[in-house]
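These protein sequence lines map, in sequence, to chains A and B.
Here the first sequence stands for residues 2 to 334, numbered as in my numbering.
Here the second sequence stands for residues 83 to 534, numbered as in my numbering.
C-beta atoms are modelled at their ideal positions from N, C-alpha and C, and glycine is treated no differently.
Please read these numbers as outputs of a predicted model, since none were measured by experiment.
Contents: one structure, followed by commentary.
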Amino acid sequence: MEALQIIWFLLIGILVIGYSILDGFDLGVGFWHLFAKKKGERTAFIHSIEPFWDGNEVWLLTAGGALFAAFPPVYATVFSGFYLAMMLVLLGLIFRAVAIEFRNKIESEKWVKAWDIAFSFGSILPSILYGVAIGNILQGLELNAIGDYTGGFFALLNPFALFCGIVGLAMFAHHGALYLAMKLEGETAERAGKWAQKTWYIFLFTFMPTLAYGVKFCISGDYKFVCMLLIVFALISNFLAFAFNKKGKAVAAFLSSSVTIGLVMLSVAAALFPNIVPCTNEPDWGLTVFNASSSMRTLGWMLGIALIGMPLVLGYTWFIHHVFRDKVKVHKD
Amino acid sequence: MDAVLLARIQFALTIMFHYIFPPLTIGLGWMIFMYNTRYQENGNPIFRQLAHFWTKVFAISFIIGVATGIVMEFQFGTNWAGYSRFVGDIFGAPLAAEGVFAFFLESSFLGILLYGRKRVSQKLYWFSSFMVALGATMSAFWIVVANSWQQTPAGFEVVTETVNGVVIQKAVLTNFWEAVFNPSTLPRYSHVITGALTVGVFFILGTSAWQVVKERNVEFFRTSMRTAVIPAFMVIMITMFVGHKHGHQVAETQPAKLAAFEGIWESGPNAPLMLFGLPDQDAEKNHFAIRIPGMVSLMVGGRFDTEIQGLKDFPKEDRPPVAISFWAFHLMFYMGMWMAFVAFIGVIFWLNKKLLDHQLYLKICAITVPIPFLANEVGWVAAEVGRQPWVVYNLLRTKEAVSKSVPAGQVLASIIMFSIIYALLFGLWIYLLKNQFAKGPESIEALEGEVE
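In structure tokens, the structure reads:
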């Protein structure tokens with residue numbers, strides 16, 4: 002057991018949390034794109050995320066690269082084990098990226114509409130699949146001795162994992178609605194606030210049963226107390242998000258929702274630790290923080306890269322949000 | 083179908099499509115920075131128009147590069163789990179570094195370049211265009227580090243361990259700097275970057291020439307073409323020079339690859355350069371060969387009596403596919419010569435102030451647009467196919483690297499999916515480019531009207 006291994010487990014956790022919070026809001030905006038009534042609204046939705054979404058997605062790329070570097074067997078097992086799901090995530094992300102950039106390039110109703118659909122579809126699909134993936138990892142996978150997944154595709158589509166998929170979508174939809182309420186103005190912002198209220202119930206009522214079942218993993222883990230505490234805090238900040246939104250305090254609501262997402266992810270990490278991918282058929286074959294890490298030398302160099310790089314990353318993120326801090330105007334038509 | 087073959091087809095397909103775009107945006111990125119710099123220096127609004135127009139072309143292309151780049155990073159895990167487990171200790175770090183050091187920088191400043199003109203000062207806007215070009219160039223560095231390590235591994239040892247009763251091998255890092263600056267990193271990186279610059283510069287040269295021929299926005303595209311002539315000549319010359327240096331390193335560190343590039347079967351001095359020929363892997367000889375005696379020996383070692391290892395020196399199962407390597411390498415070389423010729427004529431005309439007078443020359447520039455793209459593609463094919471049958475040179479065979487848990491049918495399904503999406507994206511890209519050229523540049527008044 003080495004400190005570096007734990008540090009890297011936490012650092013990857015931070016990257017995943019950063020991704021969930023940041024891409025979470027623009028994926029959520031993609032979901033609400035379906036519900037926008039007017040052309041001006043849809044354009045404003047795109048404008049509200051335009052300068053940020055690409056940087057947000059870089060968190061995913063960096064998390065992927067870091068997982069590959071710090072825990073190569075986990076990267077290999079999860080990415081090959083979830084093959085079809087990963088391909089669908091890629092399908093969604095490709096269409097979404099291209100839709101955001103291409104949508105305004107040609108002035109034709111049909112063109113814009115086609116890309117609007119691609120954008121929504123490309124946002125919803127990954128949101129669900131991330132949840133499904135986390136649900137499956139929490140339950141553990143059927144592995145062979147070298148860590149290859151042996152369970153087959155349909156085993157991944159179990160009720161708990163699918164439920165987690167809905168939770169994922171609801172969580173991001175809620176988060177995205179709060180972002181729109183914060184970033185837009187007037188009538189549209191108000192409507193986004195109402196969307197957030199409604200989705201909050203959906204989020205809560207799907208989260209609760211998932212949690213009830215998920216507690217099983219929490220209390221079977223080595224860090225039940227930490228895990229429980231994180232879940233309690235997640236619920237508190239989730240209620241705060243609802244309360245702030247109801248009072249029209251959009252920024253506070255969005256920040257609470259961000260904290261909620263972070264805490265939910267941390268509770269997943271606590272439920273798993275020291276496992277990263279538990280093995281269902283042979284518990285000793287599970288991939289853990291300690292048996293699946295890279296060498297200490299690699300982890301050390303990587304830590305150096307992270308210590309130099311992460312302040313820069315946070316700097317750019319702050320900078321770009323500062324430059325585009327104004328609210329986005331919704332043009333009526 | 084064979085799962086290894088399918089995984090290889092998928093990798094080749096997805097990377098060759100992806101590799102259309104990053105070289106273009108690296109090249110365009112630096113040209114846009116140059117235009118912005120000129121505008122800062124002399125305030126001539128034409129440079130502002132140029133920067134603005136080519137930024138639009140950049141954006142359309144950049145986004146496809148981003149979208150298809152994610153596929154590449156995921157693919158190591160999805161299709162090549164065996165590879166990921168073997169090299170993870172070394173290969174993942176540059177990918178993570180690329181994210182932290184290059185992508186974040188690039189994506190943030192790109193936001194400003196595309197949407198922030200009205201929100202930031204001119205200085206900061208100019209600086210953003212520099213950061214975008216720098217980010218793209220740095221991201222190429224980390225990718226080349228990872229790829230070069232596959233070609234000429236260094237700074238590691240292979241350890242054998244028993245995991246759950248199964249004996250496995252993996253590469254473990256022993257020296258970080260040796261792994262990063264392995265023998266082929268710098269030669270390859272300089273060749274990749276200069277190769278990328280040729281794509282961007284010739285793209286501006288050729289597409290602008292075509293607009294002049296078509297008499298659309300002639301004044302604007304004349305200036306655009308003029309700005310690209312000297313850079314085109316410079317980058318192609320440097321590309322060929324560093325390519326030559328890169329060849330020396332290949333001869334030294336990957337002799338089987340060099341032998342395949344040149345279709346050399348027998349070891350010995352006076353190794354000939356084959357200008358044309360059809361290498362035959364089974365018969366171990368070349369058909370219809372046209373050769374210059376001693377030329378490869380001279381180029382590699384500076385003397386005719388330099389010993390060159392032939393393919394027969396290597397066991398049959400360790401030889402790369404010779405015909406593909408040979409033709410990919412030679413096509414790259416011929417296309418490089420063609421570009422050098424086009425650029426050279428351009429410089430001559432430019433010096434005589436007749437660059438725009440020759441319709442035929444303008445048309446030649448236009449048909450040259452795909453050439454640097456193709457040269458980059460076949461250069462990549464030569465480098466990667468020449469490495470076969472190894473995925474990590476002399477360490478790990480390609481067939482051992484594949485994901486064992488993924489059924490061939492699923493790989494085939496994803497190949498079909500990517501083929502359809504990529505064909506669609508390519509069509510859209512061409513369509514949007516044509517549209518952008520038809521629209522032409524924004525008028526000076528419209529650009530001046532913007533708030534600074």
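Determine the burial state of residue i: buried for a count of at least 16 other Cβ atoms within 10 Å of its Cβ, exposed for fewer.
i: Ala85(B); result: buried
i: Gly428(B); result: buried
i: Tyr101(B); result: buried
i: His332(A); result: exposed
i: Thr318(A); result: buried
i: Glu534(B); result: Per-residue confidence for Glu534(B) stands at a pLDDT of 41, beneath the threshold of 50, marking its modelled position as unreliable; the derived number appears in the next sentence. Classification of Glu534(B): exposed, given that the 10 Å Cβ count is below 16.
i: Val382(B); result: buried
i: Thr151(A); result: exposed
i: Glu155(B); result: buried
i: Asn476(B); result: exposed
i: Glu344(B); result: buried
i: His369(B); result: exposed
i: Val182(A); result: In the sequence as presented, Val is not what sits at residue 182(A); that position holds Ala. It counts as buried.
i: Pro279(A); result: buried
i: Phe303(A); result: First, the amino acid is wrong: residue 303(A) is Met here, not Phe. Met303(A) should be labelled buried.
i: Phe208(A); result: buried
i: Gln441(B); result: exposed
i: Ala171(A); result: buried
Closest to residue i by CA distance: which of the options is it?
i: Val460(B); options: Glu297(B), Phe431(B) and Ala405(B); result: Ala405(B)
i: Leu95(B); options: Leu514(B), Tyr504(B), Lys481(B) and Leu510(B); result: Tyr504(B)
i: Phe147(A); options: Gly247(B), Leu177(B), Thr150(B) and Gly418(B); result: The sequence shown places Ile at residue 147(A), rather than the Phe named in the question. When each option's Cα is compared against that of Ile147(A), the closest is Gly247(B).
i: Leu255(B); options: Glu243(B), Gly237(B) and Asn264(B); result: Gly237(B)
i: Ala193(A); options: His176(A), Ala70(A), Met209(A) and Phe208(A); result: His176(A)
i: Met297(A); options: Gly66(A), Leu315(A), Ile18(A) and Phe72(A); result: Phe72(A)
i: Trp116(A); options: Ala242(A), Gly31(A), Trp60(A) and Cys228(A); result: Gly31(A)
i: Leu241(A); options: Ser21(A), Ser258(A) and Lys225(A); result: Ser258(A)
i: Lys217(A); options: Leu12(A), Leu256(A), Gly66(A) and Leu139(A); result: Leu139(A)
i: Met316(B); options: Val378(B), Lys367(B), Val262(B) and Phe423(B); result: Phe423(B)
i: Gly29(A); options: Val168(A), Cys228(A) and Met229(A); result: Val168(A)
i: Val474(B); options: Asn229(B), Met417(B) and Arg304(B); result: Asn229(B)
i: Ala314(B); options: Val295(B), Ala278(B), Gly325(B) and Thr335(B); result: Ala278(B)
i: Phe325(A); options: Tyr443(B), Ser190(B) and Glu366(B); result: Ser190(B)
i: Cys165(A); options: Met311(A), Glu188(A), Gly215(A) and Val260(A); result: Gly215(A)
i: Leu87(B); options: Gly522(B), Leu494(B), Ala448(B) and Lys436(B); result: Leu494(B)
i: Glu143(A); options: Val233(A), Cys219(A), Phe243(A) and Glu283(A); result: Glu283(A)
i: Trp224(B); options: Pro176(B), Leu196(B), Thr388(B) and Val324(B); result: Pro176(B)
i: Ile312(B); options: Lys481(B), Leu380(B), Ser407(B) and Phe426(B); result: Phe426(B)
When the distance is taken between beta carbons, is residue j closer than 8 Å to residue i?
i: Met307(B); j: Ala333(B); result: no
i: Ile146(B); j: Val99(A); result: yes
i: Leu300(A); j: Leu5(A); result: yes
i: Ser340(A); j: Phe173(A); result: Residue 340(A) is absent from the structure shown; chain A starts at 2 and stops at 334.
i: Gly141(A); j: Thr289(A); result: no
i: Phe158(B); j: Ala253(B); result: no
i: Ala307(A); j: Val467(B); result: no
i: Ile114(B); j: Phe140(B); result: yes
i: Ile108(B); j: Thr219(B); result: yes
i: His535(B); j: His273(B); result: Because chain B spans 83 through 534 in this model, residue 535(B) falls outside it and cannot be assessed.
i: Leu94(A); j: Ala149(B); result: yes
i: Leu216(B); j: Thr137(B); result: no
With which residues is residue i paired in a DSSP beta bridge?
i: Gly350(B); result: Ile390(B)
i: Asn276(A); result: Thr289(A)
i: Arg373(B); result: Met356(B)
i: Leu478(B); result: Val474(B)
i: Thr244(B); result: Val249(B)
i: Val254(B); result: Glu239(B)
i: Asn368(B); result: Pro361(B)
i: Leu144(A); result: Tyr150(A)
Residues, ordered as in the chain, of the region 174-195 of chain B that lie near chain A by beta-carbon distance below 9 Å: Gly174, Ala175, Pro176, Leu177, Ala178, Ala179, Glu180, Gly181, Val182, Phe183, Phe185, Phe186, Leu187, Glu188, Ser189, Ser190, Phe191, Leu192, Gly193 and Ile194
Residues within the region 264-290 of chain A neighbouring chain B, beta-carbon criterion of under 9 Å: Glu283, Asp285 and Trp286
Interfacial residues, the region 493-512 of chain B to chain A, with Cβ spacing under 7 Å: Ser496, Met499, Ile503, Leu507 and Leu510
Chain-ordered residues of the region 106-119 of chain A with a beta carbon less than 7 Å from chain B: Lys106 and Ile107
Proximal residues, the region 154-174 of chain B versus chain A, C-beta separation under 9 Å: Glu155, Phe156, Gln157, Phe158, Gly159, Thr160, Asn161, Trp162, Ala163, Gly164, Tyr165, Ser166, Arg167, Phe168, Val169, Gly170, Asp171, Ile172, Phe173 and Gly174
Residues from the region 251-264 of chain B in contact with chain A, defined by Cβ distance under 9 Å: Lys252, Val254, Leu255, Thr256, Asn257 and Phe258
Against chain A: residues of the region 196-216 of chain B by CB proximity under 7 Å: Tyr197, Gly198, Arg201 and Val202
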